[in-house]
Amino acid sequence: MELQILWAALIMYVLAGSLSIISFVMQRKPERTILAFLVLGVVLHTTAIALRWERMGHGPYITMFEALSSGIWNLLLVYTLVYWRIPAIRATAAIVTPILFLMMGWMMLFPPSEVGHKPVVYHTIWLYIHIGFAKAFISTVFIAVGISGIILSRRTEYGEIRFAHLPNDSRLDDLSFRFMAVAMIFQTLMLITGAIWAQDAWGRYWDWDPLETWAFITWLLVIFSLHLRHTYKTAPRTGALLVISVFIMAFVVFFGVPFVSTDFHQGVGRS
Amino acid sequence: MPDIPPPGIPSPGIPPPGFPSPDISKPNTVVRVLRLLASLKLTLVLIIMLLIGILIIYYTRTRFVWALAIPFIGFAINLTATVLTNPVFRRQMALLVFHLALISIALLIAIDWLTYLKGQIELVEGETFSGQTLSEESGPLHRRKLNNLQLTNESFTINYIIADGQLRRADTSNQVEWVAPDGRSGRSIIGNQEPLLLGGYRFYTTNNKGFAPIFRWRLNGADTDKIGAVHLPSFPIQLLQQKNEWTPPGSTMPVWILLQIEEEIFFPDKPSNLRVPDKHTVVVRLNAPQGDNDQRWELKPGDSVRLPDGVLTYQELRKWMGYEVSYNFTLPWLLTASVLAVLSMGWHFWRKFAARPWNPNSGESKLGES
Ligand code: HEM
Numbered sequence: 006m007e008l009q010i011l012w013a014a015l016i017m018y019v020l021a022g023s024l025s026i027i028s029f030v031m032q033r034k035p036e037r038t039i040l041a042f043l044v045l046g047v048v049l050h051t052t053a054i055a056l057r058w059e060r061m062g063h064g065p066y067i068t069m070f071e072a073l074s075s076g077i078w079n080l081l082l083v084y085t086l087v088y089w090r091i092p093a094i095r096a097t098a099a100i101v102t103p104i105l106f107l108m109m110g111w112m113m114l115f116p117p118s119e120v121g122h123k124p125v126v127y128h129t130i131w132l133y134i135h136i137g138f139a140k141a142f143i144s145t146v147f148i149a150v151g152i153s154g155i156i157l158s159r160r161t162e163y164g165e166i167r168f169a170h171l172p173n174d175s176r177l178d179d180l181s182f183r184f185m186a187v188a189m190i191f192q193t194l195m196l197i198t199g200a201i202w203a204q205d206a207w208g209r210y211w212d213w214d215p216l217e218t219w220a221f222i223t224w225l226l227v228i229f230s231l232h233l234r235h236t237y238k239t240a241p242r243t244g245a246l247l248v249i250s251v252f253i254m255a256f257v258v259f260f261g262v263p264f265v266s267t268d269f270h271q272g273v274g275r276s
Numbered sequence: 002m003p004d005i006p007p008p009g010i011p012s013p014g015i016p017p018p019g020f021p022s023p024d025i026s027k028p029n030t031v032v033r034v035l036r037l038l039a040s041l042k043l044t045l046v047l048i049i050m051l052l053i054g055i056l057i058i059y060y061t062r063t064r065f066v067w068a069l070a071i072p073f074i075g076f077a078i079n080l081t082a083t084v085l086t087n088p089v090f091r092r093q094m095a096l097l098v099f100h101l102a103l104i105s106i107a108l109l110i111a112i113d114w115l116t117y118l119k120g121q122i123e124l125v126e127g128e129t130f131s132g133q134t135l136s137e138e139s140g141p142l143h144r145r146k147l148n149n150l151q152l153t154n155e156s157f158t159i160n161y162i163i164a165d166g167q168l169r170r171a172d173t174s175n176q177v178e179w180v181a182p183d184g185r186s187g188r189s190i191i192g193n194q195e196p197l198l199l200g201g202y203r204f205y206t207t208n209n210k211g212f213a214p215i216f217r218w219r220l221n222g223a224d225t226d227k228i229g230a231v232h233l234p235s236f237p238i239q240l241l242q243q244k245n246e247w248t249p250p251g252s253t254m255p256v257w258i259l260l261q262i263e264e265e266i267f268f269p270d271k272p273s274n275l276r277v278p279d280k281h282t283v284v285v286r287l288n289a290p291q292g293d294n295d296q297r298w299e300l301k302p303g304d305s306v307r308l309p310d311g312v313l314t315y316q317e318l319r320k321w322m323g324y325e326v327s328y329n330f331t332l333p334w335l336l337t338a339s340v341l342a343v344l345s346m347g348w349h350f351w352r353k354f355a356a357r358p359w360n361p362n363s364g365e366s367k368l369g370e371s
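In the order they appear, the protein sequences are chains A and B. Residues 6 to 276 (the working numbering) are what the first sequence spells out, left to right. Residues 2 to 371 (the working numbering) are what the second sequence spells out, left to right.
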């Protein structure tokens with residue numbers, strides 16, 4: 006049942022995505038319809054995740070399938086909210102949709118397996134706060150990625166024409182770095198709450214385990230981008246490339262590092 | 002919020018009286034050096050240095066503190082110089098607070114490096130800790146107060162549950178009795194995530210725990226017995242390795258102690274508790290000198306064996322618990338500084354963004370449909 010609901014959600018996302026790509030090519034603006042599909046998709050997806058949570062007794066963060074599903078969920082939740090509230094970013098739908106399609110395709114490669122058990126160290130409220138900030142962080146960068154995509158695609162004649170109605174590059178750059186600034190705050194909170202959790206769970210707040218190390222390096226990359234842009238007044242295109250590299254880095258750290266080592270953090274596994 | 006002082010009126014964070022003011026027309030050498038040190042390009046270089054330092058620590062797995070200390074000290078100098086010379090920090094209070102919080106974090110981490118302690122302890126049920134760790138490391142400025150406190154492991158339970166067809170450890174609950182350095186005493190229940198706080202030290206139980214046969218030993222010629230506990234390797238992770246070498250006090254001949262468990266402790270299909278097996282045998286083996294066959298005895302509680310150096314009596318089997326003790330007194334301050342950093346950063350961006358609308362073309366805020 007919950008899988009059917011999940012598929013229905015994905016279909017809504019695909020509809021919203023396809024519609025935004027088609028409307029981009031046809032230069033139309035069916036924004037209300039796209040928003041409706043997005044909202045419907047997120048609602049269905051939330052239901053599917055909640056049902057699975059209820060049934061499995063643990064949240065969507067144990068298997069790769071769950072991590073991807075909930076990753077797609079939070080990207081779309083935040084994206085839908087911003088889509089609704091900040092019209093300036095609506096044109097990014099055509100840019101971010103392909104990324105989401107790739108993630109959905111990737112998710113389908115993993116069986117929605119029934120295994121998965123939550124180690125004891127996960128029994129704490131800090132886990133949810135920590136993961137919440139992590140999700141808020143990557144979702145916010147995701148929006149900056151959409152804007153950066155517009156800036157970069159304007160280097161082509163096609164993109165130039167299609168996005169002609171949007172504000173100029175430097176305004177978009179400003180907007181994109183606003184999202185980066187907000188993302189940086191979420192990311193900092195993620196690191197702090199992670200340290201609190203680690204202190205609770207293993208009696209040390211920081212130990213340079215793979216995930217901690219790479220998350221911190223990602224944070225440095227964000228700080229570096231903000232400072233670089235500030236110090237050198239970088240061109241919008243450079244800013245866009247920085248944003249995209251932060252997203253790639255964060256994505257690899259989120260979905261790569263925890264699943265290469267068998268548990269989320271090094272300390273978790275021992276029995 | 003008086004964070005933007007009117008021009009000419011000094012605000013916190015600017016040079017103290019008598020210090021050359023940064024905006025006099027002909028800067029002297031001090032000011033020029035300060036401005037050089039305040040360069041934001043230096044900040045970028047330092048961030049990259051920190052990044053490299055982290056990678057060095059991560060990949061070499063050393064505690065090569067300079068790899069981190071140098072960029073941190075660099076940040077502190079860079080930031081102090083900027084606070085003194087860059088007017089932006091006088092105009093933007095939030096940004097100043099943020100960067101000051103960052104300096105405090107760097108300082109607190111440095112203090113933590115100098116004063117921390119981290120150690121491992123093992124206590125059999127009934128045994129009291131009074132300062133002797135199995136292993137420990139500490140910063141050069143740590144003032145060790147572990148000998149002034151006492152911690153007795155009274156008893157503990159660990160629940161095991163079955164999940165995905167596998168046995169998994171659930172909660173640990175350990176009753177301890179303690180005496181603090183100031184003489185206060187009491188009893189607490191602690192666990193892997195609920196430490197006991199004693200004189201600034203935090204004691205956590207760990208997942209390192211197991212069984213320990215208790216022996217009474219009478220050395221030849223001695224007129225009193227000694228009691229010894231032989232900690233066998235961690236259980237159940239080392240289930241098949243329940244043996245250890247031990248030299249009774251005063252003896253010259255080490256013996257091997259092996260535990261044979263003759264009943265199920267954990268059941269494959271139902272939750273269980275870590276408990277001492279009623280049915281078990283302790284095997285004592287003496288490595289005979291040169292050529293002779295090894296000598297081997299199987300003991301039940303109460304059984305004695307005559308060894309070349311004395312008489313060994315097996316008394317009973319108990320459980321031991323491994324503890325981790327740590328001392329990091331900067332922790333609450335670190336947390337405070339971090340929270341301050343985040344709040345001031347939020348405040349900075351809030352003001353910055355509120356000054357211009359989020360929607361560059363405002364007016365287009367209704368959902369368009371065409
Ligand atoms: C790892 C440490 C650091 C972090 C996390 C950090 C973070 C930030 C952030 C987020 C901003 C705001 C950028 C914006 O408004 O767009 C900023 C601005 C700034 N930072 Fe840092 N910074 C760090 C180190 C330093 C150091 C060492 C200096 C010393 C020179 C410094 C000097 C400044 C200055 C002068 C500004 C610009 C203020 C302005 O003109 O608006 N930062 N920093």
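Beta carbons: idealized from backbone N, C-alpha and C, even for Gly.
Boundaries (first-last residue) of the alpha helix (DSSP H) holding residue i
i	result
Tyr-117 of chain B	It is not in any alpha helix (DSSP H) - Tyr-117 of chain B carries neither H nor E in the DSSP assignment.
Trp-211 of chain A	Taken as a continuous stretch (DSSP letters only), Trp-211 of chain A belongs to no alpha helix (DSSP H), as it is neither H nor E.
Gly-76 of chain A	69-90
Asn-79 of chain B	67-86
Ser-353 of chain B	Note on residue identity: the sequence assigns Lys, not Ser, to residue 353 of chain B. Taken as a continuous stretch (DSSP letters only), the alpha helix (DSSP H) holding Lys-353 of chain B covers 332-355.
Arg-60 of chain A	36-61
Lys-140 of chain A	130-158
Beta carbon proximity, residue i to chain A, threshold 9 Å
i	result
Thr-81 of chain B	no
Arg-203 of chain B	yes
Pro-269 of chain B	no
Asn-360 of chain B	yes
Lys-244 of chain B	no
Phe-157 of chain B	no
Pro-7 of chain B	Confidence in Pro-7 of chain B is poor, its pLDDT being 46 and thus under 50, which makes the residue's placement unreliable; the coordinate value appears in the next sentence. No, Pro-7 of chain B does not count as interfacial toward chain A.
Glu-365 of chain B	The predicted model places Glu-365 of chain B with a pLDDT of 42, which falls under 50 and marks its position as unreliable, so this point remains unresolved.
Arg-319 of chain B	no
Phe-354 of chain B	yes
Leu-336 of chain B	yes
Pro-196 of chain B	yes
Val-98 of chain B	no
Interface residues of chain B facing residue i [CB-CB closer than 9 Å]
i	result
Thr-218 of chain A	Ile-55, Leu-56, Ile-58, Tyr-59
Under 9 Å by beta carbon: chain A residues contacting residue i
i	result
Gly-343 of chain B	The sequence shown places Val at residue 343 of chain B, not Gly. Ordered by position in chain A, the residues that pass the 9 Å Cβ test against Val-343 of chain B are Ile-190, Thr-193, Leu-194, Ile-197.
Phe-350 of chain B	Arg-183, Ala-186, Val-187, Met-189, Ile-190
Ser-327 of chain B	Gly-208, Arg-209
N- and C-terminal bounds of the beta strand (DSSP E) containing residue i
i	result
Asn-209 of chain B	202-220
Tyr-324 of chain B	311-328
Ala-164 of chain B	151-164
Thr-282 of chain B	281-287
Thr-173 of chain B	167-180
Ile-262 of chain B	256-262
Glu-299 of chain B	296-300
Cβ distance (whole Å) where residue i is taken to contact residue j below 8 Å
i	j	result
Ile-94 of chain A	Ile-27 of chain A	In fact, because the Cβ distance is near 19 Å, the residues do not count as touching under 8 Å.
Gly-120 of chain B	Thr-207 of chain B	12 Å between Cβ atoms; not a contact.
Tyr-161 of chain B	Asn-274 of chain B	7 Å
Ser-1 of chain B	Gly-311 of chain B	Only positions 2 to 371 of chain B appear in this structure, which leaves residue 1 of chain B out of reach.
CB contact check: residue i to chain B, cutoff 9 Å
i	result
Asp-174 of chain A	no
Gly-208 of chain A	yes
Ala-93 of chain A	yes
Ile-16 of chain A	no
Thr-267 of chain A	Unreliable positioning characterises Thr-267 of chain A in this predicted model, as indicated by a pLDDT of 45, which lies under 50. A coordinate reading is not provided.
Leu-180 of chain A	yes
Thr-129 of chain A	yes
Gly-22 of chain A	no
Listed by chain order, chain B residues near residue i by CB distance under 8 Å
i	result
Phe-221 of chain A	Ile-55
Listed by chain order, chain A residues near residue i by CB distance under 8 Å
i	result
Leu-41 of chain B	His-232, His-235, Thr-236
Met-346 of chain B	Met-189, Ile-190, Thr-193
Gln-93 of chain B	In chain order: nothing, as chain A lies at least about 12 Å away.
Leu-51 of chain B	Leu-225
Under 7 Å by beta carbon: chain A residues contacting residue i
i	result
Thr-44 of chain B	His-232
Chain E within 9 Å of residue i, Cβ atoms only
i	result
Ile-100 of chain A	Absent from the structure: chain E. Protein chains present are A and B.
7 Å Cβ cut-off: residues of chain B touching residue i
i	result
Trp-213 of chain A	Ile-58, Tyr-59
Phe-229 of chain A	Leu-45, Ile-48
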